[in-house]
Each structure stands twice: as C-alpha cells, then as structure tokens.
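Report on the structure given below.
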Amino acid sequence: TIAATAAIPTSATTFSIMSSATATTPADDTASTDRSIRTTPSISIGAAIIAKKKGSPAPVCRLILLIASVAAATFFLNYHTPESAPSSRRLNGLQIDPKTVLSKNQPDNNDRSLMCQLLPQVPDDLPWLPVRAHERGPRCSSYSKGINLSRCCIGQCRQFNKKITRGQQTRGRSDFKGLFMKPHLPGLVSMPTMLEHLHYFVQQKSFERSTNSNNSHHNEPPIDTCVLWYIGRSLSQDQATAAICKLTSLGYEIPDKKKCGIDDKFGLLSGTCELASQSSQHCPKIRVRHDWQPRGYTPNPKRDNEAGPIIYNYGVHANSPEAIEDWMENGFRPLYDDFQANDDMGRYPFMWREHEPQHFATKDGTYGGSGTKCQGSDVYDNYRNEAAIRYFEREGLQDKIPVIKSFNALTSLDRFHLGKGDCTHYCYSPWRFDLTWHGIALGLQKLPEQQAACMQLYNIDA
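Okay, so the sequence shown: first residue is 697 according to my numbering, each after it adds one.
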C-alpha cells in the first residue's frame, strides 16, 4: 500500500513515497511546537527505480502503476480537503473578505497553517491534576531588576502582606500543597503557544497596514509589537499582573522601569508594562496593559505599532442579573462601539473573559453579605457571565466577541483562596492561568479575519 505524506512540501513536482504516515496531536504544550505530520523515512521515486534495476527486473506495468498511484495521491492532497479535517469543519460556510485573506507571497505562510488547526474548547468539567515535584520549579520564578515581582511567588494573595505558606493548615488540609494543581486537557496550550498565535495576528495586521490604500495609514509605523490589554476590576488586574509573571519566567526582560507601571509597594500593574525577549521568535516585543474602564478609544502615537486583544470583564461588582445587564448596555457597549468606529485596522479585537467563581460558604458560592470561610459548593451561580453571553447573542455579537471560558472549570479550586473573608480573589498559582492563555489563542482563531485567512490557505470555498 502506498501513502503520501501530508507534509509534502512546497513544490508541486516534489513528493515522497511513504510506507506509512501517522498524524499526532500533542497532549501538552511542550509537544505543541511540533504539530506537523510525523512520518517514517521516505523513498524517492528515483531511488525506487534504481533499486528495481539492481534487483530482478519488475514488469513495466508495475512501474507504471507506481507512478500513477503517486500522481493520484499528489492530486488528492492538493485538491481534496477531508470532511474530517478540523479546518474544514471550522471554516464551513464563512465568507472570504479579500482585504483580510492571506497573501500567497506573505512570509510565514506555511507556519500560519498551524493557526488553522482549531484548539479544543475548555470543558465545564475540566479535571485538575497534581503538579509533580520535578515540574514545579522555584516558588518565585520571576525576576526583573528594580521591579517588584513578589506577586509572582506561588501562594501570594491579593493583599500584599498575605500569602499561603508551606505547611499552613486551614480547614484541616494544607492550602499551599493545594496550589500545585494544573488543568488536564489534551491540546491545552500555555503562554508560549499563545504568543505564537498572537505573533501571527500582529504580522497579519502589519501586512494589512502596508498594503492598505487608505492615506491615513501611509505615515504610520509598521505593527511590530504584541499587546495584551486587560480591562476590568481587581480580578482583571490580577490576570494582567500574572501575564507579566509568566513572561518574565520565560526569560522576558523589562528593559526600562519607567515604562512598566507595576506599583513598587503592592506589585500590581496599573497602566502598561513593556517587555522584550532576545530569544523568543514570537512576540519578541510585548506590552501588557490594565485599565479599569477607559472612556473610549483615544488615539495615541505611542500605541500605533501594537496589536492584540482587549480582554474584557466587569467582574463580580454587578450583584444581580439586572445590574450586569445594565453594565453591558451602558458600560461595555459604548466602549466597544467607540473602538469599532475608530480602530479601522481591527488591531484590538474584543474578547470576553469569564470571571472566576467565588467560593463563599453560601448555597451557590456568591458573597452572602458577610465574610465567611471559603468552601466548595454543589451549585455555582454563573449569572454574570451568562447574562453577558445572552447580551452578545441578542445584539448579534456572538461571532465577533470570543468568550474565554474558565468559570465552571475553576469551581473545584476553593483551596486557592486565602480565606478569612476573601473568597473572591485567588492566591497565585501559575498553572491556573493556562486557561486564560488557551482562551486567548482560541479567541484569535475564531476572529472572522483569521477564519477567512484559513479558508484562503486551504482553498475552501465560501
């Protein structure tokens, strides 16, 4: 049996004869950088013919059959897209926008195809596994000279002088040990792979700017800087700060303290922090930004070279379904509309980040009016995130604003809180944020312009 590889490369006249080909899917982020089809060693047609000459001569009909089979396999790979392929299922029925599709001459077009393999959605019943000792590393894995990164230490809580320490016992179990849990989902990606997705989004926006005929863009700089822009209250601020923690643990540096808005005393990000890496090929320059609630889109020449998602959440300050509905209409919508009207390049796609569940000792985990101990619950009320999603559906925004899912997946992590009245904020554990990095990567995949680009790449008709 003759099978051709799916990784047949670039030239239409060059191909390989394979004895077998097996596709692999990474089970963790370590393997996710190798997502190509793994194959056994190949034999070229020329080598096969020579081998035939050296041995007993084969009938001419066999050689003709061999060449015909290879030609048929090549035609199949070039012109047939299996219905079972993730890209086919994902992209079916979408419209191609000529302004956003990939150019065949654009750099990194082959690598871009990796962005079209749809990531799995985080399930509501996501299991969590203990982090093994050899995977843990030091308790404090982030450092930058002159920057307070104490919040990057496992067990550090929202209150700067509070932390869960080794051996601390509450509720009859060790909370510190309970922080070493990681989500288990085959195909889940962490920060490095998320940066790969973000990098190609930035490349695409830079390409669009360079080819845009709009005169207003002629004098603007190329887009060469990634940005993660968090908008929301304290839980979003914790997320933004955690992004800096993860980046610095990966070797990113903060070259200029004056360009990093981390508070010297509390270690929380307010504003923007610029980071850079000399070793990363993806997003070597990145900004992490946190805003409580900007008034609208404000032109800023210092930001003209950046692109990346706005990761939005109002948090747990809306204490009724009516309150969150009111906020979506009068808080979120004006900001969103202002960006759509002024961000003509689409550099800042909006994403809704589900806020984390609370673990108060109430029937549904929500705050009951007084501080209590933290504990798990059989039922968790997710009315805020559910109200936001209903709003998107009612306003026709569900396909334009991806949702970063995490609420239901985090309900089992009641041990991540300090307790003593605060069952809302989580003490630091780096593995918890893999859900956010994964959700951002998946959100970038779901953007209409990325889906259109994948359709063009795979020659899928609208």
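For every residue, glycine included, the Cβ atom is placed at its ideal position computed from N, Cα and C.
Computed from a predicted model, the values in this text were never measured in an experiment.
Along the chain, where does the beta strand (DSSP E) containing residue i start, and where does it finish?
{"i": "residue 956", "result": "956-958"}
{"i": "residue 847", "result": "No beta strand (DSSP E) contains residue 847, which DSSP labels as neither H nor E."}
{"i": "residue 1048", "result": "1046-1049"}
{"i": "residue 986", "result": "981-987"}
{"i": "residue 970", "result": "965-972"}
{"i": "residue 921", "result": "921-927"}
{"i": "residue 1023", "result": "It is not in any beta strand (DSSP E) - residue 1023 instead sits in the alpha helix (DSSP H) that spans 1017-1023."}
{"i": "residue 1007", "result": "1006-1008"}
Could you compute how far the alpha carbon of residue i sits from the alpha carbon of residue j?
{"i": "residue 917", "j": "residue 1001", "result": "6 Å"}
{"i": "residue 931", "j": "residue 925", "result": "14 Å"}
{"i": "residue 897", "j": "residue 1078", "result": "31 Å"}
{"i": "residue 1053", "j": "residue 1074", "result": "13 Å"}
{"i": "residue 958", "j": "residue 861", "result": "24 Å"}
{"i": "residue 874", "j": "residue 904", "result": "47 Å"}
{"i": "residue 1120", "j": "residue 821", "result": "20 Å"}
{"i": "residue 948", "j": "residue 1136", "result": "19 Å"}
{"i": "residue 1151", "j": "residue 1088", "result": "25 Å"}
{"i": "residue 735", "j": "residue 1094", "result": "Low local confidence applies: a pLDDT of 35 at residue 735 is under 50, so the model's placement there is unreliable, and no value is given."}
{"i": "residue 812", "j": "residue 1125", "result": "30 Å"}
{"i": "residue 988", "j": "residue 1028", "result": "12 Å"}
{"i": "residue 1011", "j": "residue 928", "result": "7 Å"}
{"i": "residue 998", "j": "residue 1146", "result": "26 Å"}
{"i": "residue 907", "j": "residue 859", "result": "51 Å"}
{"i": "residue 992", "j": "residue 872", "result": "41 Å"}
{"i": "residue 791", "j": "residue 1105", "result": "With a pLDDT of 34 at residue 791, under the threshold of 50, the modelled position of this residue cannot be trusted; read the value that follows with caution. Distance between the alpha carbons of residue 791 and residue 1105: 33 Å."}
{"i": "residue 973", "j": "residue 983", "result": "12 Å"}
{"i": "residue 887", "j": "residue 1039", "result": "26 Å"}
{"i": "residue 1076", "j": "residue 1108", "result": "10 Å"}
{"i": "residue 933", "j": "residue 1155", "result": "42 Å"}
{"i": "residue 1022", "j": "residue 1016", "result": "10 Å"}
{"i": "residue 847", "j": "residue 986", "result": "16 Å"}
{"i": "residue 835", "j": "residue 962", "result": "18 Å"}
{"i": "residue 953", "j": "residue 938", "result": "18 Å"}
{"i": "residue 1090", "j": "residue 1080", "result": "15 Å"}
{"i": "residue 885", "j": "residue 1024", "result": "30 Å"}
{"i": "residue 1083", "j": "residue 996", "result": "33 Å"}
{"i": "residue 827", "j": "residue 936", "result": "23 Å"}
Please classify residue i: is it buried, with 16 or more other beta-carbons within 10 angstroms of its beta-carbon, or exposed?
{"i": "residue 825", "result": "exposed"}
{"i": "residue 771", "result": "Its pLDDT being 45, under 50, residue 771 is placed unreliably by the model, and the measurement read from it follows with that caveat. Answer is exposed; the Cβ neighbour count stays below 16."}
{"i": "residue 895", "result": "buried"}
{"i": "residue 1128", "result": "buried"}
{"i": "residue 839", "result": "exposed"}
{"i": "residue 1043", "result": "buried"}
{"i": "residue 831", "result": "exposed"}
{"i": "residue 892", "result": "buried"}
{"i": "residue 994", "result": "exposed"}
{"i": "residue 1033", "result": "exposed"}
{"i": "residue 677", "result": "Outside the modelled stretch of the chain, which goes from 697 to 1158, sits residue 677, for which no answer is possible."}
{"i": "residue 960", "result": "exposed"}
{"i": "residue 977", "result": "exposed"}
{"i": "residue 1051", "result": "buried"}
{"i": "residue 817", "result": "exposed"}
{"i": "residue 1101", "result": "buried"}
Is the beta carbon of residue i within less than 8 Å of some heavy atom of the ligand GTP?
{"i": "residue 856", "result": "Absence of the ligand GTP from the depicted structure is noted, as is the absence of any ligand whatsoever, leaving it without description."}
Under DSSP, the alpha helix (DSSP H) around residue i begins and ends at which residues?
{"i": "residue 1144", "result": "1144-1153"}
{"i": "residue 825", "result": "Premise fails: residue 825 lies in the beta strand (DSSP E), 824-826, not in any alpha helix (DSSP H)."}
{"i": "residue 1087", "result": "1079-1090"}
{"i": "residue 1033", "result": "1029-1038"}
{"i": "residue 934", "result": "930-945"}
{"i": "residue 831", "result": "829-832"}
Any Cβ of chain D within less than 9 Å of the Cβ of residue i?
{"i": "residue 1028", "result": "Chain labels in this structure do not include chain D; a single protein chain is all it has."}
Length at least 4, wholly inside the segment 873-915: the alpha helix (DSSP H) runs in chain order: 887-907
Between the segment 1132-1146 and the segment 846-861, do at least 3 Cβ pairs fall closer than 8 Å? no
Does the segment 934-951 come within contact of the segment 1054-1065, defined as at least 3 CB pairs closer than 8 Å? no
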